[in-house]
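Colleague:
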Amino acid sequence: GGGPPPADDASAGRAQGRPLAEVQAKLNKWSQAVVRQAMDREATREREGAGGDGDDGSGGSDAAAAPGQFHAERTIEQWKVGPLLRHRFPSGNAFAAELRERLGAALRIGREDRGRLRFRARTQEAADAAVRMLEETLADLASGSKGGDQGQAHAEHRDLFGASRGPPRAAGGGRQPAQAAPKKPSGPITLPESATLRELASLFGVPALRMRRVLDALDIEAGNSDVISMDVAELVATECGVDVTRPERRGDLTEAEREGTGSGAELPSRPPVVAVMGHVDHGKTTLLDALRSSSVAAAEAGGITQHVGAFVVDMPHSSKSITVLDTPGHAAFSAMRERGAQVTDVAIVVVAADDGVMPQTEEVLDKTYRAGIPIVIAINKCDKPGADPDAVREELATRYQVALEGHTAFGGAGDVQHVEISALKRQGLRELEEAVLLQAEIMELKGDPSEAGAGVVIESRVKKGRGTVCTTVVSKGTLKKGNFVVIGSEYGRIKALRRPGGGAMGEERGAASAGADIKEAGPSEPVEVYGLDAVPEAGETLLVVDSEARAKEVTRERRLAAAQGTARIRVAEAAETARAETAARERMLRERRQELDRQLEKEGFYNPRYRARLISMRLEEEASDAARADELAAAEKSRAFADGIIEMGLPESMPVIVKADVAGTNEALVDMLASLSAVSPVPIKVIRAEVGAISDGDVREAASHGACVVGFNVHTVGKAVDRNADQLGVQLFRSRVIYSLIHEVGEHIAGMLPGRKSIAKAGEAEVAALFEVKGKRGEAPTTIMGCRVRDGALVGSGQVRVVRDGEVVHEGPVASLKRESKEIREAAKGTECGLVLEGFGGARVGDKLESMVMEVVKAKVVQSSDGSLRFEQ
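Mapping the sequence shown onto UniProt numbering, position 344 (from 1) lands on 344, and the numbers just tick up by one.
#1: Check whether the stretch 517-524 touches the stretch 268-277, counting contact only when three or more Cβ pairs, one atom from each stretch, lie closer than 8 Å.
#2: Would you mind reading off the limits of the alpha helix (DSSP H) that contains Asp-366?
#3: Between the Cα of Ile-379 and those of Met-277, Leu-543, Ser-821, Gly-465, spot the shortest distance and give me the residue it belongs to.
#4: Starting from Glu-490, trace the beta strand (DSSP E) both ways and give me its first and last residue.
#5: Using CA atoms only, rank isn't needed, just tell me which of Gly-697, Glu-850, Glu-576 is closest to Ala-720.
#6: Just how far apart, CA to CA, sit Ala-703 and Leu-728?
#7: Under the three-state reduction of DSSP, which class applies to Glu-239: helix, strand or coil?
#8: Under the rule that 16 or more other beta-carbon atoms within 10 Å means buried, what is Tyr-530, buried or exposed?
#9: With 16 as the cutoff for other CB atoms within 10 Å, does Thr-190 come out buried or exposed?
#10: Measuring CB to CB, does residue 961 end up less than 8 Å from Met-852?
#11: Can you name, in chain order, every residue of its own chain whose Cβ lies under 7 Å from the Cβ of Ser-821, other than the five neighbours on each side?
#12: Are the CB atoms of Ala-310 and Val-473 within a distance shorter than 8 Å?
#13: Assuming Ala-660 contacts Leu-669 under a Cβ cut-off of 8 Å, what Cβ separation, rounded to an integer in Å, is found between them?
#14: How would you label Asp-390, buried or exposed, when you count the other beta carbons within 10 angstroms and need 16 or more for buried?
#15: Can you tell me which residues form a DSSP beta bridge with Pro-526?
#16: Please look up how many angstroms separate the CB atoms of Val-456 and Thr-344, rounded, as I've assumed it's under 8 Å.
#17: Kindly indicate which three-state DSSP category Ala-331 falls into: helix, strand or coil?
#18: Let's see if you can read the secondary structure: which residues bound the alpha helix (DSSP H) around Glu-744?
#19: Does DSSP put Gly-453 in a helix, a strand or coil?
#20: Going by DSSP, what residue range makes up the beta strand (DSSP E) through Leu-835?
#21: Does the stretch 385-400 come within contact of the stretch 434-448, defined as at least 3 CB pairs closer than 8 Å?
#22: Once the 5 residues before and after Gly-241 are set aside, which same chain residues still bring their CB inside 6 Å of it?
#23: Tell me, please, which residues DSSP counts as bridged to Thr-541.
#24: From the DSSP secondary-structure annotation, give me the bridge partner or partners of His-715.
#25: Buried or exposed: Asp-366, going by 16 or more other Cβ atoms within 10 Å of its Cβ?
#26: Quick one: what's got a C-beta closer than 6 Å to Gly-467's C-beta in the same chain, skipping five residues either side?
#27: Counting only the same chain and skipping the five closest in sequence on each side, list residues whose C-beta sits under 8 Å from that of Val-349.
#28: Between Ala-454 and Leu-543, is the Cβ-Cβ spacing less than 8 Å?
#29: How many Å lie between Met-648 and Lys-602 at the Cα?
#30: Look at the Cβ atom of Val-857, then the Cβ atom of Phe-871, and state whether they are nearer than 8 Å.
#31: Anyone know if the C-beta pair for Ala-793 and Ala-815 falls short of 8 Å?
#32: Could you check whether Leu-869 and residue 879 sit closer than 8 Å to each other, using their CB atoms as the reference points?
#33: Under the DSSP definition of a beta bridge, which residues are partnered with Gln-731?
#34: Kindly indicate if chain B contains any beta-carbon less than 8 Å away from that of Leu-817.
#35: Among Gly-488, Tyr-400, Leu-532, which has the Cα closest to the Cα of Leu-497?
#36: Could you give the first and the last residue of the continuous beta strand (DSSP E) run that contains Asn-380?
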């Protein structure tokens, strides 16, 4: 077992091309398992009566140290670590000696305090883990062998793990030169769908042991032969500094399918898509009524827009037309406004001249600015008393930095057009029309009708007798009846196209009146698409593909990508959580070790190794106690929560099924229920949300979950549904105004809450006379107060305060309340009665009496100034 003479650690590190400290840190992991194994062997030996001769209770005796040294030497010889250490690291002799000393010290401590020493029950498991780690460490080191000592290193490696694991033999009987350590690739690596840890290590040019350390840090268990998913491999590559890319999805849409191939300079012009946006009740829909001479505002429940409408408007003062999106202004419809901005070329921002910039106006200005959408400001309601258009312009320019055309704040160089209008009286519409068309002309909007069609879903719903209907604005190309289309991870075939309303797009396209079926729709046209199986999410992109086979291929690939994306997010979140927990745990452990080390040194334990052992034992005990305390605390918290729920009589949650007329309002309703749940004592749990009427199946599912059904702008499928809901005890909430619907749900929750007990004054009386009645033998006489009720009522079941000269001299329950020798429940205002109070006989004529009763104040839901709801008791 001889080797080169010992050398210092620095020279050893240089000789091996890596710091010795790093390698020794690796070996320290398995050496701890060696210590535990040796200690358990010694304990077994003592129990069998083979090693108790030297146990005289003295921790520092040589007799006690001998067994530890014996087991250390035996273990090192058994695993053949010593020769390899001495060969690979000139200081290996010192390392082996330190290991022997550590084993002996550990056994001595165990003899001193056998009760506190906890022998590991899983010794064999720890030893097996140590062997695996040692194997990988030595294999890693052997792969980097250099110089003339390679033969000896490989021989010892073969002796340790078998000849089949060593390097191959050369033809002449000698060994081939050892392979160099793997090198990292220079360019990005394409990740395989799955690979083992060993395969990834070879692909990345990173030692397998390093990858194992990374996986341990991410709290992921994997061996060399375990298959690693692409998501985990990507995380490991990032930690190891390896540049990787994911394989390209062949099944998804190509760039040509997404973007088209037309040249912008040669394309015909297309109508602009204009979104009318602004705060609720600032006159957006009235403006649209004025532009297309219809009456939409009256048809909207509550007089506010609750859907994103898309239709064509022929400009009354020109021969041109525009596609208009009418977006809701209420705070609940923020997501719907954002979808309106996705397909918008120009935005008309309506601001009331008598109200100024409001929260939704500010939100619209922010969204259009971030999206780079040009805007035209329409200052509405200029005909109303108190209207101040100049103040609105000043607020927009100075506070919100809107570069208004001609405004002095921008030196007259602003480019945002602004028009004063009165939508109700049809004033200023010609100027607004010219401003919008001028902005569209500056933008040079083009569209190629010969391309495969694409569009953005604005709204989607289920229509009785027609199935799924989605309102779409065509963004490029032409949509035709019979096209196969892909929307998100779903596909279908267009069975029918219909105009949502607003007029014709031109005779050459075979246009028809609003609501009529058409054969095709070109760029910027709004159209209702029929024939899809699933209800697509509003905001999804609709794309035409060549065939049904291609549609299936694309959707299959998208579903796979979505599933992998979800898995990747979960793995990343778990990894980040594991990192944070590990860092916090290590920091706390380090601080606690330092604290215990200082404490033990003060107590007279000067030997560092002895202190280290004591610290480890105390930390282990504290960890066990902390785990037990956590379990007790969790159980107590759960029990307290359950007791509180039982005492209050509240359910843990209120499950609901949400039904709405279209996907956009369905999303808005779910968002508003989530906002209500955040302030509700009873959390709201949405178990299902979908588009369509309330069916008998919805009612039965709600009954099975103890849920209620919340329906926005929908009806029930037949009278039997309402009848079954009554029989099954299912509460149905329905309304055509979304915030009225949410308020109803809030009132229902408030009715479930226990009332707040409160003391209230029921009435006042005055002592007009006193009467003394002799009691039975041995009892004191009873004082009866003759009272006249001045206000309210004197209640017999409550308490009475006796007030004299402004001070309360007594308060107690009523013993008796009578009128003409007859017991009564209460005495009303203006009546007289006789009153006896329990334990009080010191009344005087002229004392004031206050009748106090306990009442329960029911909880109620109130609306804040910002429109949000809160519960009050």
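For every residue, glycine included, the Cβ atom is placed at its ideal position computed from N, Cα and C.
Every value quoted in this text rests on a predicted model; they were computed, and no experiment measured them.
Modeller: Concretely, from the data shown:
#1: yes
#2: 359-371
#3: Considering only alpha carbons, the answer is Met-277.
#4: 490-493
#5: Nearest of Gly-697, Glu-850, Glu-576 to Ala-720, Cα basis: Gly-697.
#6: 6 Å
#7: helix
#8: Counting Cβ neighbours within 10 Å, Tyr-530 comes out buried, since at least 16 surround it.
#9: exposed
#10: The question about residue 961 has no answer, for the chain in this structure spans 1 to 873.
#11: none
#12: yes
#13: 5 Å
#14: exposed
#15: For Pro-526, which the question treats as bridged, DSSP gives the partners Val-473.
#16: Not quite, the Cβ-Cβ distance comes to about 10 Å (not below 8 Å), so this is no contact.
#17: Residue placement at Ala-331 cannot be trusted, given a pLDDT of 44 that sits under 50; what the coordinates show is reported in the next sentence. Collapsing the DSSP output to three states places Ala-331 in a helix.
#18: 738-752
#19: coil
#20: 832-837
#21: no
#22: Same-chain partners within the cutoff: there are none.
#23: Val-456
#24: DSSP output for His-715 lists no bridge partner at all.
#25: exposed
#26: Cβ neighbours of Gly-467 beyond the five flanking positions: none.
#27: Met-277, Gly-278, Thr-361, Val-364, Leu-365, Thr-368, Ile-375, Val-376, Ile-377, Ala-378
#28: Less than 8 Å divides the Cβ of Ala-454 from the Cβ of Leu-543.
#29: Residue placement at Met-648 cannot be trusted, given a pLDDT of 47 that sits under 50; the coordinates are not used to answer.
#30: no
#31: One thing to note: Ala-793 has its Cβ no nearer than 8 Å to the Cβ of Ala-815.
#32: Not covered by the structure: residue 879. The range shown for the chain is 1 to 873.
#33: In DSSP, Gln-731 forms no bridge with anything.
#34: Chain labels in this structure do not include chain B; a single protein chain is all it has.
#35: Leu-532
#36: 375-380
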